[in-house]
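Student: Before I ask anything, let me first share the structure, which is written out below as structure tokens.
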Amino acid sequence: MITRLLAVTALTVAASSVVQAADSYSSEGPTDWTGFYGGLSAGYGFGGDGDVNTKGQAAPNIANINGGARPGRVDLDRNGLLGGAQIGYNYQFGQWVAGVEADISHTDLQDSRNIGTSQLNTHLALNNKFESKIKYLGTLRGRFGYAFDHTLIYGTAGLAYGETSQSVDMFGPTGNTQFSGDQSHFKMGYTVGAGIEQSITKNLSFKTEYLYYDLGQDKLNVAVIPGSGGAGTGYDSKFKNDGQMLRVGLNWKFD
């Protein structure tokens, strides 16, 4: 909650500063958006649907899921800061603007849960740890919008990509690890969103942007550790990889 509050406060202060800086530029003619540009952006990712659905592979594992000895569903919400860079090109015809933009961000989008359960017969306590991360996130998008004065309002959609990471550890009643799995994957999906960009000077502009992204699902094999006392062969855990982001950015248009 504190991290989210700090992120929102920082975005608000940045937006306020840019609005003040833009006042001195507002008396000039309408902005010409045509051209190549590059810039930096930062923001906050939230609402990440990292739900994990787990199924048993063999009879003992299936029984554990059905009986609640191992969690069949875990809710993970990946929230965190992100920051990166973007490049793009706009072409303006009349008051309409079409363009393409590519960006990449390092992210702190992650969440983990420790879920307590108990054995079916002995009722001894068990612990289960689930973790999901997105290490970096990028997009390649088309943009189409309407420009007036020094403002551009646009919609955007295209390709999303990133590196996802998941891990699961299931412990026995003595605290030893009985089942374990971890992996990292390069994933591709889609993104849609909208934004508003305000020119501050002839070359410098400030944008606020919202994006929804979906990188699909990952399936993780949580295998039994030989000699650990774990029964059966293991579990299959499916992780969802979608979420939302709100970010601000500065762009410099090259003449």
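Quick note, the sequence shown lines up with residues -21 to -1, 1 to 234 if you use mature numbering (1 follows the signal peptide of the UniProt record, and there is no 0).
From the three backbone atoms N, C-alpha and C, an ideal C-beta is built for every residue, glycine too.
1) With the cut-off set at 8 Å, would you say A37 and T212 are in Cβ contact?
2) Please classify I132: is it buried, with 16 or more other beta-carbons within 10 angstroms of its beta-carbon, or exposed?
3) Out of S159, G14, G47 and L225, point me to the one whose CA is closest to T170's CA.
4) Using the beta-carbon count (16 or more within 10 Å), is A104 buried or exposed?
5) Could you pull the start and end residues of the alpha helix (DSSP H) that A210 belongs to?
6) What residue from G22, P39 and Y140 has the CA that sits closest to L194's CA?
7) Within the continuous beta strand (DSSP E) that includes S107, where are the two ends?
8) Just to check my reading of the structure: L61 and L116 have Cβ atoms closer than 8 Å, yes? What is that Cβ distance to the nearest angstrom?
9) Check I179 in the structure and name its three-state DSSP category.
10) Rounding to the nearest angstrom, what Cα-Cα distance links Q196 and E110 in this structure?
11) When you compare only the Cα positions, how much space is there between S159 and G174?
12) Please report how far the alpha carbon of W23 lies from the alpha carbon of V227, in whole angstroms.
13) Name the two residues that bound the continuous alpha helix (DSSP H) containing A38.
14) Quick check on this structure: which residue in L19, F150 and A202 has the alpha carbon closest to the alpha carbon of H85?
15) Given a threshold of 16 other Cβ atoms within 10 Å of its Cβ, counted over all protein chains shown, does D128 qualify as buried or as exposed?
16) So what does DSSP say about W12, is it helix, strand or coil?
17) State whether the region 120 to 127 contacts the region 150 to 164, with contact taken as three or more CB pairs (one from each stretch) at a distance under 8 Å.
18) The beta strand (DSSP E) spanning Q145 covers which residue range?
19) Can you grab the Cα-Cα spacing for the pair A1 / G59, in whole Å?
20) Indicate whether R49 and T101 have their beta-carbon atoms separated by less than 8 Å.
21) Considering T96, what are the terminal residues of the beta strand (DSSP E) in which it resides?
22) With DSSP run on the structure shown, which of helix, strand or coil describes D215?
23) Does the Cβ of Y70 have 16 or more other Cβ atoms within 10 Å, making it buried, or fewer, making it exposed?
Tutor: From the atom records:
1) With respect to T212, A37 sits close: the two C-beta atoms are nearer than 8 Å.
2) I132 is classed as exposed because its beta carbon has fewer than 16 other beta carbons within 10 Å across all chains shown.
3) Ranking the options by Cα distance to T170, first place goes to L225.
4) Classification of A104: exposed, given that the 10 Å Cβ count is below 16.
5) Bounds of any alpha helix (DSSP H) do not take in A210, whose DSSP letter is neither H nor E.
6) Considering only alpha carbons, the answer is Y140.
7) According to the sequence shown, residue 107 is Asn rather than Ser. For N107, the uninterrupted beta strand (DSSP E) run begins and ends at A104 to F127, by DSSP.
8) About 7 Å separates the beta carbon of L61 from that of L116, a gap short enough to meet the 8 Å contact definition.
9) Taken through DSSP and simplified to helix, strand or coil, I179 comes out as coil.
10) Each residue's Cα considered, the two are about 14 Å apart.
11) Each residue's Cα considered, the two are about 42 Å apart.
12) Trp is not the amino acid found at residue 23; the sequence shown has Tyr there. Cα-Cα distance, rounded: 9 Å.
13) Here the alpha helix (DSSP H) through A38 covers A38 to G46.
14) Of the listed residues, the one whose Cα sits closest to H85 is L19.
15) A residue is called buried once 16 or more other Cβ atoms fall within 10 Å of its Cβ, and D128, having fewer, is exposed.
16) In the three-state reduction of the DSSP assignment, W12 falls in the coil class.
17) They do not touch, by the three-pair rule.
18) Start and end: T130 to F150.
19) Reliability fails at A1, whose pLDDT of 49 lies under 50, so the model's placement of it is uncertain and the value that follows must be treated cautiously. One Cα belongs to A1, the other to G59, and the distance between them is close to 30 Å.
20) No, Cβ-Cβ distance for R49 and T101 is not below 8 Å.
21) T96 -> beta strand (DSSP E) spans W75 to S97.
22) D215: strand per DSSP, three-state reduction.
23) By the C-beta density criterion, Y70 is exposed, having fewer than 16 other C-beta atoms within 10 angstroms.
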